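The sequence shown begins at 1 in the working numbering and counts up by one. The beta-carbon is built from N, C-alpha and C at its ideal position, and this holds for glycine as well. Everything numeric in this text was worked out from a predicted model, so none of it was measured. Let me begin by presenting the structure, written as structure tokens, before commenting on it.
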Amino acid sequence: MALVGFVQLYEEVLDIRCARGPAGDDLLRWMRHEISSRGNGSSIKSVTKDVVSPMETSVPVASKAIDDVQETGNKVPAKLLKKLLYKKRDEDGNVVQRKRSATDKETNEKKEWVEDVDLLLELPYLPHCVDYSGCCQAISINGNLLSPCLTRPANGSSYCRTCNNAGNKYGTLQDREKVEVGHYEVTLPTQVKVTNKETGVVTVEDREIVKKEISYGTWLQKRGIERSFVEKMLEEHNLDITIPESYFKVNKAKAKRSVKKTTSTSSDDEASSVESVPNQAAEEVVATTPEVEENDDTKSVDSTSSTEEKPKKSKKAKKEKKEKKEKKEKKRGRPSKAKTETVTEEIEEKVAEPESTSADVEILDRIEDLTYFKYNGVKYIYDNEYTIWSLKDADGDIGEAIGTWDPEINTPDFSTDIEATD
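Next up, the structure:
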């Protein structure tokens, strides 16, 4: 009974310290086998000494994690950060709920219930007061905070199964430590389908998506969360965590996502670049209007002749506008490889006409920056940058980037090879 109690305590300490080690059942079996093989007597006195050495050699990751925890002093174990949960609310401030169901295996009775949707309050990378040694050593996107993954690693590994399957695409804690806070970024290869407006030819081009770390203040503002709310949650959970003042700086260009084809009052670079095409069109319309009115004033003799000449002038204005547009399209051609990226993006943007929403798309759930949807019976997700990722299994393990999501018509845009397999 004493041995069973020890193993139970061992599992609790392993869980609290977020450490890695053999399962409690395995440890209990090894200990019993060792004791029975040695029998009763003085030889049992050396059980502890003999068992420690095999454990360290067979599972080196476990012993390393325990040593790291001891060396960190008063740092908060990273696993405790997963307790920072808060209720998801809609635009009216009401708590969002979802329906859940489960089937009893014995009675085959299906039970349904409604529960509140809880969200995890992400924290930035805080190596000065948080101990990440016992958790997954990979970096997760976490709303572009690019902070450590807090999941418990798989047995015998330094990474969780999800990060391992994704190939640690966002780097590791070792990579993160080499870069100053606020400047971490990763480059992800992907493929984008590009349609030429003139020829209608569809090509697949290799691209690189750069994910840059955003400040914690920017992350909070994008979600409408106050700084005082974060500090209150840390206090309520008795977590001795201090977030530096510089982390709360807000990058205005990234705090709010601009809406396409709307007049912007913001002076940031991102919004102006997205909305430059509608603004140019508006300037052209305003510029042609005075020209028509001036010609009408100089050539009109009476109200009848003025009425007859107005349609002619409007046609002339339309013709001039059409010529200007054709000149611009010629300039947007592909004279060199240096301008290929800019041209293809403009062409792709104009081809996607928001005629209708595809009936094959079903939105399943939205959690933080990830939206789960089903297309032609297959489940996918897309993030807040509208990048579509495949799902490797039913557990939701994220695969590779396979396309982009069009928010205007709510349809996925896959590469050619993906569409062929669907």
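Would the C-beta of residue i count as close to the ligand SAM, meaning under 8 Å from any of its heavy atoms?
| i | result |
| --- | --- |
| Ile381 | As presented, the structure is devoid of all ligands, the ligand SAM included, so that no description of it is given. |
How should residue i be labelled, buried or exposed, when 16 other C-beta atoms within 10 angstroms of its C-beta is the threshold for buried?
| i | result |
| --- | --- |
| Gly134 | buried |
| Gln137 | buried |
| Thr218 | buried |
| Ser58 | Because Ser58 carries a pLDDT of 34, less than 50, the predicted location of this residue cannot be relied on, and no value is offered for it. |
| Lys299 | Residue placement at Lys299 cannot be trusted, given a pLDDT of 40 that sits under 50; the coordinates are not used to answer. |
| Leu9 | exposed |
| Ser158 | buried |
| Ser511 | A question about residue 511 goes unanswered here, because the residues of the chain that appear run from 1 up to 422. |
| Ser246 | exposed |
| Glu213 | buried |
| Pro244 | exposed |
| Asn108 | exposed |
| Asp92 | exposed |
| Leu220 | buried |
| Ile363 | exposed |
| Ser267 | Reliability fails at Ser267, whose pLDDT of 40 lies under 50, so the model's placement of it is uncertain and no value is given. |
Look at the alpha carbon of residue i and the alpha carbon of residue j, and state the distance between them as a whole number of angstroms.
| i | j | result |
| --- | --- | --- |
| Glu408 | Tyr125 | 34 Å |
| Ala154 | Asp26 | 16 Å |
| Glu231 | Val201 | 54 Å |
| Val378 | Ile398 | 14 Å |
| Lys110 | Arg100 | 10 Å |
| Phe414 | Lys374 | 13 Å |
| Cys163 | Ala2 | 38 Å |
| Leu85 | Gly403 | 31 Å |
| Ala338 | Asp206 | Below a pLDDT of 50, predicted positions are generally treated as unreliable, and Ala338, at 43, falls in that range; no measurement from the model is reported. |
| Gly5 | His237 | 29 Å |
| Phe229 | Val117 | 18 Å |
| Trp405 | Arg227 | 32 Å |
| Trp113 | Asp104 | 14 Å |
| Ser36 | Leu28 | 12 Å |
| Gly24 | Asp393 | 28 Å |
| Pro127 | Asp360 | 45 Å |
| Leu370 | Ile141 | 11 Å |
| Thr203 | Gly143 | 31 Å |
| Lys400 | Arg223 | In the sequence as presented, Lys is not what sits at residue 400; that position holds Glu. The straight-line gap from Cα to Cα measures roughly 26 Å. |
| Ile381 | Lys178 | 31 Å |
| Ile139 | Gly182 | 14 Å |
| Glu12 | Gly167 | 31 Å |
| Leu121 | Lys249 | 18 Å |
| Thr387 | Ala102 | 32 Å |
| Tyr193 | Glu323 | Here the sequence assigns Lys to residue 193, which means Tyr is not the residue at that position. Cα-Cα distance, rounded: 29 Å. |
| Asp90 | Lys252 | 23 Å |
| Arg161 | Asp175 | 19 Å |
| Thr190 | Thr411 | 19 Å |
So the beta strand (DSSP E) residue i belongs to, where does it begin and stop?
| i | result |
| --- | --- |
| Lys374 | Leu370 to Tyr375 |
| Leu27 | Run containing Leu27: none in the beta strand (DSSP E); it sits in the alpha helix (DSSP H), Gly24 to Arg38. |
| Arg207 | Val202 to Lys212 |
| Val181 | First-last for Val181: undefined, no H or E at that position. |
| Asp365 | Val361 to Ile367 |
| Val378 | Val378 to Tyr382 |
| Phe414 | Thr411 to Phe414 |
| Ser101 | Gln97 to Thr103 |
| Asp406 | Ile398 to Asp406 |
| Leu84 | Premise fails: Leu84 is in no beta strand (DSSP E) and is neither H nor E. |
| Ser390 | Thr387 to Leu391 |
Locate the alpha helix (DSSP H) running through residue i, then write down its first and last residues.
| i | result |
| --- | --- |
| Val230 | Arg227 to Glu236 |
| Asp175 | Leu173 to Glu177 |
| Tyr216 | Tyr216 to Lys222 |
| Thr162 | Arg161 to Asn165 |
Below 9 Å between beta carbons: does that hold for residue i and residue j?
| i | j | result |
| --- | --- | --- |
| Val95 | Lys83 | no |
| Arg152 | Lys75 | no |
| Glu208 | Leu188 | yes |
| Met149 | Ile241 | Just to set this straight, residue 149 is Cys in the shown sequence, not Met. Not closer than 9 Å, so no. |
| Glu185 | Val210 | yes |
| Glu385 | Leu119 | no |
| Gly171 | Leu146 | yes |
| Asp365 | Arg98 | yes |
| Lys173 | Leu123 | With the sequence shown as reference, residue 173 is identified as Leu, and Lys is not the correct amino acid for it. No, they are not a contact pair. |
Quick one: is residue i near chain C, going by C-beta distance under 9 Å?
| i | result |
| --- | --- |
| Lys222 | The question asks about chain C, but that chain is absent: this structure has only one protein chain. |
Open item on the list: Give the list of continuous beta strand (DSSP E) stretches no shorter than 3 residues that lie fully inside the segment 110-139.
Closed with: 110-116 and 118-120
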